[in-house]
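In this note's numbering, the protein residues as written are 1 to 523.
Think of the CB as a built atom: it goes at the ideal place given N, C-alpha and C, for glycine as much as any other residue.
As the structure is a computational prediction, the values presented were derived from the model and not from experiment.
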Amino acid sequence: MTKLDGKTVIKSALMLILGFQSFGCSKEITNYATSDHGDNTLVQPSYNDSSVLRNPLNGWVMYAARTADESYWDTEFYVPDLGKKVKAIDYASACYVRTSWASLNPSDGVYAWNDSTSRIAKLIKGAEKRGVPIAFRIVVDGRDQGANTPQFVFDAGAKYYLENARFPDRKTPIPQDPVFQRYYAKFIEALAAEFNDPDRTAFIDAYGLGKWGEAHNVIYEDPATSTGENTERLKEEVFNWVTDLYARTFTKVPLVINYHRLVGHPASWGAPNANSDKLLASAINKGYSLRHDAFGMTDYYQSWEKQFAKTWNYKRPIIMEGGWITTGTHRYWIDPSGKYREGHPEDVRQGEFDASAEAHVNMMDFRVGGETASWFEKAFTLVRRFVSEGGYRLYPDELYLPENVNRGAEVTISHRWKNMGWGYFPNNIPQWNYKYKVAFALLDGNNQVKKVFVDTNSEPSNWLIGNPVSYDFKPTVDLPAGTYAWAVAIVDTSKGNKPAIELPVDDEVTTEGWLKLLDVRVN
Numbered sequence: 001m002t003k004l005d006g007k008t009v010i011k012s013a014l015m016l017i018l019g020f021q022s023f024g025c026s027k028e029i030t031n032y033a034t035s036d037h038g039d040n041t042l043v044q045p046s047y048n049d050s051s052v053l054r055n056p057l058n059g060w061v062m063y064a065a066r067t068a069d070e071s072y073w074d075t076e077f078y079v080p081d082l083g084k085k086v087k088a089i090d091y092a093s094a095c096y097v098r099t100s101w102a103s104l105n106p107s108d109g110v111y112a113w114n115d116s117t118s119r120i121a122k123l124i125k126g127a128e129k130r131g132v133p134i135a136f137r138i139v140v141d142g143r144d145q146g147a148n149t150p151q152f153v154f155d156a157g158a159k160y161y162l163e164n165a166r167f168p169d170r171k172t173p174i175p176q177d178p179v180f181q182r183y184y185a186k187f188i189e190a191l192a193a194e195f196n197d198p199d200r201t202a203f204i205d206a207y208g209l210g211k212w213g214e215a216h217n218v219i220y221e222d223p224a225t226s227t228g229e230n231t232e233r234l235k236e237e238v239f240n241w242v243t244d245l246y247a248r249t250f251t252k253v254p255l256v257i258n259y260h261r262l263v264g265h266p267a268s269w270g271a272p273n274a275n276s277d278k279l280l281a282s283a284i285n286k287g288y289s290l291r292h293d294a295f296g297m298t299d300y301y302q303s304w305e306k307q308f309a310k311t312w313n314y315k316r317p318i319i320m321e322g323g324w325i326t327t328g329t330h331r332y333w334i335d336p337s338g339k340y341r342e343g344h345p346e347d348v349r350q351g352e353f354d355a356s357a358e359a360h361v362n363m364m365d366f367r368v369g370g371e372t373a374s375w376f377e378k379a380f381t382l383v384r385r386f387v388s389e390g391g392y393r394l395y396p397d398e399l400y401l402p403e404n405v406n407r408g409a410e411v412t413i414s415h416r417w418k419n420m421g422w423g424y425f426p427n428n429i430p431q432w433n434y435k436y437k438v439a440f441a442l443l444d445g446n447n448q449v450k451k452v453f454v455d456t457n458s459e460p461s462n463w464l465i466g467n468p469v470s471y472d473f474k475p476t477v478d479l480p481a482g483t484y485a486w487a488v489a490i491v492d493t494s495k496g497n498k499p500a501i502e503l504p505v506d507d508e509v510t511t512e513g514w515l516k517l518l519d520v521r522v523n
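Written as structure tokens, this is what we have:
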């Protein structure tokens, strides 16, 4: 799309002769046929293709280890392309903490977020102070990471599996056990009481069972004695129990689940399980959105994963996480794609970016340590490309507005919207329930809102890249006579119709978030 300088305003030949001037920036005036839009003026806001937008379920997710402290959010990385250091958080729309149940709930009824001196509370507060919402994955499996489930749960009689007797603290709870379920439900209810708030919480990674909480390699019975006869029954029962729990408690915050080919299964690798589609669809029908933890890992993220993502594109948003760790943990150069060179993490970043584009993801990851460093130090072009191309970038490219109206009269506003990103704005997820709408405001000379008109027919989840969507809106202007300014925003109707979504434009935006468009005289 051609980037405009200022607003292009098309007026009739009469206005061209008389001359015309408005606030904000210069406008180009051109004669055009007025048969479709009467005497209304065409305003075309100037699109900004590089602005970092901190919008919900969109953009970069900055990760933090459970052992990090508040200062982590101010970590800087040197960017050769810019010749300076930058903070990753300045590019992030959410901060993701993958932590253990034990760290958040060390004893029965005690929760770390209530202890202002705890490391996790400081970490959460640090993100909030910087204006970025938090996201969680709660891990309970203890096989690789130690005591992820609180000891008091086992002391109360919860059954568990111990993979290696040399590590007695690495207990993995049996998820169908009623003692485990009672205490886990109590914890999730407490978590939701604190974080079921879209202002504080970006999303909840809402399954948490299996190795690393990734929804695979889930233990239901001792693998040494299990015949596997009960696996599918237990898997479905536990899956329904845990997804019902999260869906019941987190009603305002998006929930996500790993669309794993072996979701909930005791295995991690192998052919897709026949029940995976059914289980995932059941979670999606309860309001879940999607994420996957192996983008760029091409021996794992294969045709099943790609097809699943394609099936749900523009119905549910997708959040990605890269699969390979390039800082020494993984031999990423053995990836069967043959595209990753040893010592070149930027090759992996490119693979993750390409897979993300194919899946139309809304969010990409800045994982801790060297993974984040390599994005800024070796692949910053891709950081900027995702800012520009990924997720959703919504803006009104054409608006026909009246400059003179009679008090109490109905007016017609025509407005067209474009999404310049490959993702979509998930206004349709149950937790949001179509709460975001286009609204027009009339502002006084001090940019104070005097009247708001909400176009309830506008639906941002329908705005997809390459398909502009137009609306005719007919509000009645009932303000006292005087001079005002038209302005537009995508508002949150659950919060008093306040502007809620940043628009990628160069034109004047008020401190409240209204994009100013055109002066209007009410007679």
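Nearest-angstrom Cα separation, counted from residue j out to residue i
| i | j | result |
| --- | --- | --- |
| Tyr484 | Thr117 | 50 Å |
| Arg391 | Trp514 | Checking the displayed sequence, the identity of residue 391 turns out to be Gly instead of Arg. Between Gly391 and Trp514, the C-alpha separation is close to 22 Å. |
| Asp90 | Asp74 | 9 Å |
| Thr34 | Asn40 | For Thr34, the pLDDT reaches just 37, beneath the cut-off of 50, and the residue's location in the model is therefore unreliable, although a value from the coordinates is still provided. Using only the alpha carbons, I get a separation of about 8 Å. |
| His360 | Trp422 | 5 Å |
| Leu382 | Leu234 | 43 Å |
| Ala481 | Arg521 | 7 Å |
| Leu548 | Pro198 | Past the boundaries of the shown model lies residue 548; the chain is included only from 1 to 523, so the question cannot be answered. |
| Gly270 | Glu305 | 13 Å |
| Trp101 | Leu191 | 10 Å |
| Gly466 | Lys418 | 8 Å |
| Ala68 | Val469 | 44 Å |
| Tyr72 | Pro80 | 21 Å |
| Gly287 | Ala247 | 7 Å |
| Lys315 | Lys278 | 17 Å |
| Thr511 | Tyr434 | 25 Å |
| Ala357 | Lys378 | 19 Å |
| Ser337 | Gly264 | 28 Å |
Environment of residue i [buried if 16+ CB atoms lie within 10 Å]
| i | result |
| --- | --- |
| Ala224 | exposed |
| Ile334 | exposed |
| Ser374 | buried |
| Glu342 | exposed |
| Thr227 | exposed |
| Tyr32 | Bear in mind that the predicted position of Tyr32 carries a pLDDT of just 30, short of 50, making it unreliable; the figure below should be weighed with that in mind. The residue in question, Tyr32, is exposed, as its Cβ has fewer than 16 Cβ neighbours within 10 Å. |
| Leu82 | exposed |
| Tyr78 | exposed |
| Gly445 | exposed |
| Glu410 | exposed |
| Lys7 | Its pLDDT being 44, under 50, Lys7 is placed unreliably by the model, and nothing is read from it. |
| Asn523 | exposed |
| Gly527 | Outside the displayed span of the chain (1 to 523) sits residue 527, for which this structure offers no information. |
| Arg407 | exposed |
Endpoints, beta strand (DSSP E) assigned at residue i
| i | result |
| --- | --- |
| Ile174 | Where Ile174 is concerned, there is no enclosing beta strand (DSSP E), given that its DSSP letter is neither H nor E. |
| Ile531 | The structure shown has nothing for residue 531, since the chain only spans 1 to 523. |
| Trp125 | Just to set this straight, residue 125 is Lys in the shown sequence, not Trp. First-last for Lys125: Arg119 to Lys129, but that is the alpha helix (DSSP H), not the beta strand (DSSP E). |
| Phe239 | Looking at the DSSP string, Phe239 is not in any beta strand (DSSP E); the run it does join, the alpha helix (DSSP H), is Thr231 to Thr249. |
| Leu479 | Taken as a continuous stretch (DSSP letters only), Leu479 belongs to no beta strand (DSSP E), as it is neither H nor E. |
| Thr41 | Thr41 to Gln44 |
| Leu162 | Tyr160 to Leu162 |
Distance between beta carbons of residue j and residue i, contact taken as under 8 Å
| i | j | result |
| --- | --- | --- |
| Arg170 | Gly142 | 4 Å |
| Val438 | Val488 | 7 Å |
| Arg416 | Pro396 | 7 Å |
| Pro266 | Ser289 | Not a contact, Cβ separation roughly 25 Å. |
| Val238 | Ala206 | Their Cβ separation, rounded to whole angstroms, is 14 Å, which puts Val238 and Ala206 out of contact at 8 Å. |
| Ser50 | Arg384 | 7 Å |
Residue i vs residue j beta-carbon contact at 9 Å
| i | j | result |
| --- | --- | --- |
| Ala500 | Asp507 | no |
| Gly213 | Arg261 | no |
| Ala158 | Pro173 | yes |
| Leu245 | Tyr259 | no |
| Tyr183 | Ile219 | no |
| Leu209 | Pro175 | yes |
| Ile124 | Ser103 | no |
| Val132 | Val153 | no |
| Ala135 | Phe203 | yes |
| Ile413 | Lys451 | no |
| Asp365 | Tyr96 | yes |
| Lys339 | Gly351 | yes |
The alpha helix (DSSP H) enclosing residue i, as first and last residue numbers
| i | result |
| --- | --- |
| Leu280 | Ser276 to Asn285 |
| Thr311 | Ser303 to Trp312 |
| Asp155 | Gln151 to Asp155 |
| Pro178 | Pro178 to Phe195 |
| Ala373 | Gly370 to Lys378 |
| Arg349 | Pro345 to Ala359 |
| Ala112 | It is not in any alpha helix (DSSP H) - Ala112 carries neither H nor E in the DSSP assignment. |
| Trp101 | Trp101 to Leu104 |
Heavy atom of the ligand FMN within 8 Å of residue i beta-carbon
| i | result |
| --- | --- |
| Lys278 | The ligand FMN is not among the ligands present in this structure, which contains no ligands whatsoever. |
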